[in-house]
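Enquirer: Counting in this note's numbering, the sequence shown runs from -1 upward without gaps.
Using N, Cα and C, we set each Cβ at its ideal position, and we do this for glycine too.
My questions all concern the structure below.
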Amino acid sequence: MTQSVREMTCVNDCILQMERITKRFPGVVALSEVSLACRKGEVHALVGENGAGKSTLVKILSGAYLPDDGQIVFKGREVELDSPRRAQQLGIAIIMQEFNLLPYLTVQENVFLGREPRGWLGFIDTREAAQRSRELLHAMSVDIDVFELVDRLSVAQRQFVEIAKALSLGADLLIMDEPSATLTGHELEYLFRVINGLKERGVTIIYISHRLDEIFGIADRVTVLKDGKYMGTRDVRDVTKSQLIRMMVGREMGEAFPARGTPAGEIVLKVRGLTRKGVLHSVSFEVRAKEIVGLAGLVGSGRTELARAIFGADPIDSGQVELQGKAVEIKRPHDAVEAGIVLVPEDRKLEGLVDILSVRENIGLPNLGLLQRWGFVRSRQEAAHVQEKIQQLDIRTYGPDQLALNLSGGNQQKVVLGKWLVSAPKLIILDEPTRGIDVGAKAEIYRLMRQLAETGAAVLMISSELPEILGMADRILVMHEGRLVAEFEGARATEEEILTAATGSAV
-1 MTQSVREMTC VNDCILQMER ITKRFPGVVA LSEVSLACRK GEVHALVGEN
49 GAGKSTLVKI LSGAYLPDDG QIVFKGREVE LDSPRRAQQL GIAIIMQEFN
99 LLPYLTVQEN VFLGREPRGW LGFIDTREAA QRSRELLHAM SVDIDVFELV
149 DRLSVAQRQF VEIAKALSLG ADLLIMDEPS ATLTGHELEY LFRVINGLKE
199 RGVTIIYISH RLDEIFGIAD RVTVLKDGKY MGTRDVRDVT KSQLIRMMVG
249 REMGEAFPAR GTPAGEIVLK VRGLTRKGVL HSVSFEVRAK EIVGLAGLVG
299 SGRTELARAI FGADPIDSGQ VELQGKAVEI KRPHDAVEAG IVLVPEDRKL
349 EGLVDILSVR ENIGLPNLGL LQRWGFVRSR QEAAHVQEKI QQLDIRTYGP
399 DQLALNLSGG NQQKVVLGKW LVSAPKLIIL DEPTRGIDVG AKAEIYRLMR
449 QLAETGAAVL MISSELPEIL GMADRILVMH EGRLVAEFEG ARATEEEILT
499 AATGSAV
């Protein structure tokens, strides 16, 4: 073993030591001499702004990338993680934010996919696979039918299937990338109980999250990265949230939410009796110019379904949508965009971006009607529009031809927003606008939202984060089981009032 590895500062119970890891991509240094040391049986949080290098570091640890420099010691031995299979063989498993499950296979088939137990004559032993799957789930106190199709499971249940799959590999180190991104309150509590159970069994967990409250609720230690560099490791009990943010962004954040703006103007959107059988039940509301209306509710309450119905992505059975006093018939998203309604979807990677296209192409794609002449795109006009949006939204890219997949989450979200702003929409619907982005990028998105409202746009914002709803919304609408059940003034509402309404209780 080389001298540099012997000199690593770590206590005897360290299971992982990554020393001076460096990774370069064309035109960018993603990691520069980053170190990380994890103890056996601890929850070690990894935090930093989007683009800080977290994903690159864990991809190196999971065998997806090879480092250009540096060393990795796992369970006391220097190792080369040259493939995901090699990492799994050593006992390292990763659960990505986008689950790696096959929806039309059963739970037990997913848990042992490619590693199925074999019986007589080499046939798959389904009974053995089912029994071992039950044992793995039972060890986490999770009750899931192992013969149920994954497609029929909730998001939380799929999360636990992913954990069972990782444990079936004999994982000693489990990497969890944004595990709470789509979980509700009680599901998150259950996930924390499962994590604590794994910790008691000696499993080490690297926990990546942008939700700092979770870090203080579940982690033992936290390592901070910034701009591909190691900023330090702290015991969670010895650091405050403001200190952690300062390490992440290099500055004091100040007030997270911008001040509320001028009084609302004329009615831009009026929805009357919007109904979709079994999903939406006679929903009526309005949104005014210069106003941000927050749409709150638990998962499954119909918030996203309402947004999709207004945007024409889902059909409706009855009801009417008016825009600036005129009834509009919206049967497809194209109709909505033509009318002046745009949607920034919840899943930006799946529905908001073509990630193998460039920033320029993504911003230009929905605006070809504005940018073309005689069937040809006017390159100079396109370049001007794209550059304007890059500057207006502060999209951090090395140029308009950078691929969207190589941007951080926050900058990807800005691209999705930027492509719609070219056409100066009247109504902007934002579904979970800050999901999966860091505290610094969140503050920028909040500022942009308020600027859009101040310039006269009407904004409808869906969010599962109550502090975000309370901090940004001028008015708050609450949904429960496909119905609007309450309305509050944003400046005076409380979390308790919103949760009471969201659970269907009397307000």
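1. List, from N- to C-terminal side, the beta strand (DSSP E) runs of 3 residues or more that fit wholly inside the stretch 151 to 237.
2. Quick one: is D11 buried, meaning 16 or more other Cβ sit within 10 Å of its Cβ, or exposed?
3. Tell me V340's beta-bridge partners as DSSP assigns them.
4. Using a Cβ cut-off of 8 angstroms (strictly closer), state whether V483 contacts chain B.
5. To which residues does DSSP link S316 through a beta bridge?
6. Using the beta-carbon count (16 or more within 10 Å), is Y444 buried or exposed?
7. From what residue to what residue does the alpha helix (DSSP H) around L464 run?
8. Sort out for me which residues DSSP pairs V26 with in a bridge.
9. Quick check on the DSSP output: the alpha helix (DSSP H) that includes M245 runs from which residue to which?
10. Label D67 either buried or exposed according to how many other C-beta atoms from any shown protein chain fall within 10 Å of its C-beta, with 16 as the threshold for buried.
11. Is it true that the stretch 401 to 411 meets the stretch 211 to 221, where meeting means three or more beta-carbon pairs spaced less than 8 angstroms apart?
12. Evaluate S461 with the Cβ neighbour count: other Cβ atoms within 10 Å of its Cβ, from every protein chain shown; 16 or more gives buried, anything less gives exposed.
13. Compute the distance between the beta-carbons of E320 and R286, then report whether it is under 8 angstroms.
14. Pair every Cβ in the stretch 228 to 244 with every Cβ in the stretch 285 to 299, then say whether three or more of these pairs are closer than 8 angstroms.
15. Just to check my reading of the structure: I161 and S60 have Cβ atoms closer than 8 angstroms, yes? What is that Cβ distance to the nearest angstrom?
16. Between D312 and the rest of its own chain, which residues show a CB-CB distance below 6 angstroms, the 5 nearest in sequence each way excluded?
17. With a 10 Å radius around its C-beta and 16 neighbouring C-beta atoms as the bar for buried, classify E17 as buried or exposed.
18. Excluding sequence positions up to five away, which residues of its chain have a Cβ less than 7 angstroms from the Cβ of L497?
19. Count Cβ pairs between the stretch 36 to 50 and the stretch 75 to 95 that sit closer than 8 angstroms; are there 3 or more?
20. Anyone know if the C-beta pair for L341 and I314 falls short of 8 angstroms?
21. Name the DSSP bridge partner or partners of M571?
22. DSSP state of V148, grouped into three classes?
23. My guess is that V413 and L351 are in contact by the Cβ rule of under 8 angstroms, so how many angstroms apart are they, rounded?
24. Count the other C-beta atoms from every protein chain shown that fall within 10 angstroms of the C-beta of Y205, then say buried if there are 16 or more, exposed otherwise.
25. What's the C-alpha gap between V483 and S299?
26. Kindly list the residues whose CB is nearer than 6 angstroms to the CB of G51, restricted to its own chain and excluding five residues on each side of it in sequence; keep chain order.
27. Please report the straight-line C-alpha distance between E380 and W372, rounded to a whole angstrom.
28. Please state whether DSSP places L135 in a helix, a strand or coil.
29. Under the three-state reduction of DSSP, which class applies to S461: helix, strand or coil?
30. Is the separation between the beta-carbon of A455 and that of L267 shorter than 8 angstroms?
31. Is it buried or exposed for I19, if we count other Cβ within 10 angstroms and need 16 for buried?
32. Between Q390, P331, D345, Y396, which lies nearest to P364 when the distance is taken from Cα to Cα?
33. By how many angstroms is the C-alpha of S377 removed from the C-alpha of F158?
34. For the alpha helix (DSSP H) that S377 lies in, which residues bound it at each end?
35. Leaving out five residues on either side along the sequence, give the residues of the same chain with a beta carbon under 6 angstroms from the beta carbon of M(-1).
36. Within the same chain, show all residues whose beta-carbon is closer than 8 angstroms to that of E303, passing over the 5 residues directly before and after it, in chain order.
Expert: Short version:
1. 171 to 175, 202 to 206, 219 to 224, 227 to 233
2. One-based indexing of the sequence shown puts residue 11 at position 13. So D11 counts as exposed.
3. Indexing the sequence shown from 1 puts residue 340 at position 342. Beta-bridge pairing links V340 to I426.
4. Annotation note: the requested chain B is absent from the structure, which comprises a single protein chain.
5. Residue numbering aside, residue 316 sits at position 318 when the sequence shown is read from its first letter. Paired residue(s): T273.
6. For the purposes of this step, residue 444 is taken as the residue at position 446 of the sequence shown. So Y444 counts as buried.
7. Here residue 464 corresponds to residue number 466 of the sequence shown, with the count starting at 1. That run of the alpha helix (DSSP H) goes 464 to 470.
8. Your numbering for residue 26 matches position 28 in the sequence shown. V26 pairs with F23.
9. As a working note, residue 245 is residue 247 in the sequence shown. Its alpha helix (DSSP H) spans residues 239 to 247.
10. By 1-based counting over the sequence shown, the position of residue 67 is 69. Around the beta-carbon of D67, fewer than 16 other beta-carbon atoms lie within 10 Å, marking it exposed.
11. no
12. Translated into positions along the sequence shown, residue 461 becomes position 463. Counting Cβ neighbours within 10 Å, S461 comes out buried, since at least 16 surround it.
13. For the purposes of this step, residue 320 is taken as the residue at position 322 of the sequence shown. For the purposes of this step, residue 286 is taken as the residue at position 288 of the sequence shown. The answer is no: Cβ separation not under 8 angstroms.
14. Flag = no, the stretch 228 to 244 and the stretch 285 to 299 do not touch.
15. Sequence index remark: in the sequence shown, residue 161 carries index 163 (1-based). Sequence index remark: in the sequence shown, residue 60 carries index 62 (1-based). Not really, about 15 angstroms apart at Cβ, beyond 8 angstroms.
16. For the purposes of this step, residue 312 is taken as residue 314 along the sequence shown, with counting starting at 1. The residues are R306.
17. Numbered from its first residue, the sequence shown carries residue 17 at position 19. Buried is the call here.
18. Here residue 497 corresponds to residue number 499 of the sequence shown, with the count starting at 1. None.
19. Touching, no, given that fewer than three Cβ pairs across the two stretches are closer than 8 angstroms.
20. Looking up residue 341 in the sequence shown gives position 343. Looking up residue 314 in the sequence shown gives position 316. Not a contact, by the Cβ cut-off of 8 angstroms.
21. Outside the displayed span of the chain (-1 to 505) sits residue 571, for which this structure offers no information.
22. As a first step, residue 148 is located in the sequence shown; it is residue number 150 there, counting from the start. Looking at V148 - three-state DSSP - the assignment turns out to be helix.
23. As a position in the sequence shown, residue 413 is number 415, starting the count at 1. As a position in the sequence shown, residue 351 is number 353, starting the count at 1. About 7 angstroms separates the beta carbons of V413 and L351, which is inside the 8 angstroms limit, making them a contact pair.
24. Locating residue 205 in the sequence shown gives position 207, where the first residue counts as 1. Taking every protein chain shown into account, the CB of Y205 has 16 or more other CB atoms within 10 angstroms, so this residue is buried.
25. The residue labelled residue 483 in the question sits at position 485 within the sequence shown. The residue labelled residue 299 in the question sits at position 301 within the sequence shown. Approximately 11 angstroms, taken between the alpha carbons.
26. Start at 1 with the first residue of the sequence shown, and residue 51 comes out as number 53. Within the same chain, and ignoring the five residues on either side of G51 in sequence, the residues whose Cβ sits closer than 6 angstroms to its Cβ are A28, L29, L223, G226.
27. Here residue 380 is taken as the residue at index 382 of the sequence shown, counted from 1. Here residue 372 is taken as the residue at index 374 of the sequence shown, counted from 1. Answer to the nearest angstrom: the Cα atoms are 15 angstroms apart.
28. As a working note, residue 135 is residue 137 in the sequence shown. In the structure shown, L135 falls within a helical segment according to DSSP collapsed to helix, strand and coil.
29. On the sequence shown, position 463 is the one that residue 461 refers to. In this structure, DSSP gives S461 a state outside helix and strand, which the three-state scheme calls coil.
30. In the sequence shown, counting from the first residue as 1, residue 455 sits at position 457. In the sequence shown, counting from the first residue as 1, residue 267 sits at position 269. Result no, Cβ atoms of A455 and L267 do not sit closer than 8 angstroms.
31. Residue numbering aside, residue 19 sits at position 21 when the sequence shown is read from its first letter. Per the 10 Å Cβ criterion, buried.
32. Within the sequence shown, residue 364 is the residue found at index 366, counting from 1. Checking every option, the nearest Cα to that of P364 belongs to P331.
33. Along the sequence shown, one-based indexing puts residue 158 at 160. Along the sequence shown, one-based indexing puts residue 377 at 379. Their Cα atoms are separated by approximately 49 angstroms.
34. The residue labelled residue 377 in the question sits at position 379 within the sequence shown. Here the alpha helix (DSSP H) through S377 covers 377 to 390.
35. Taking the sequence shown and counting its residues from 1, the one referred to as residue -1 is at position 1. Unreliable positioning characterises M(-1) in this predicted model, as indicated by a pLDDT of 35, which lies under 50. A coordinate reading is not provided.
36. Counting from 1 along the sequence shown, the entry for residue 303 is found at position 305. Result list for E303: R274, V277, L278, D312, G480, in chain order.
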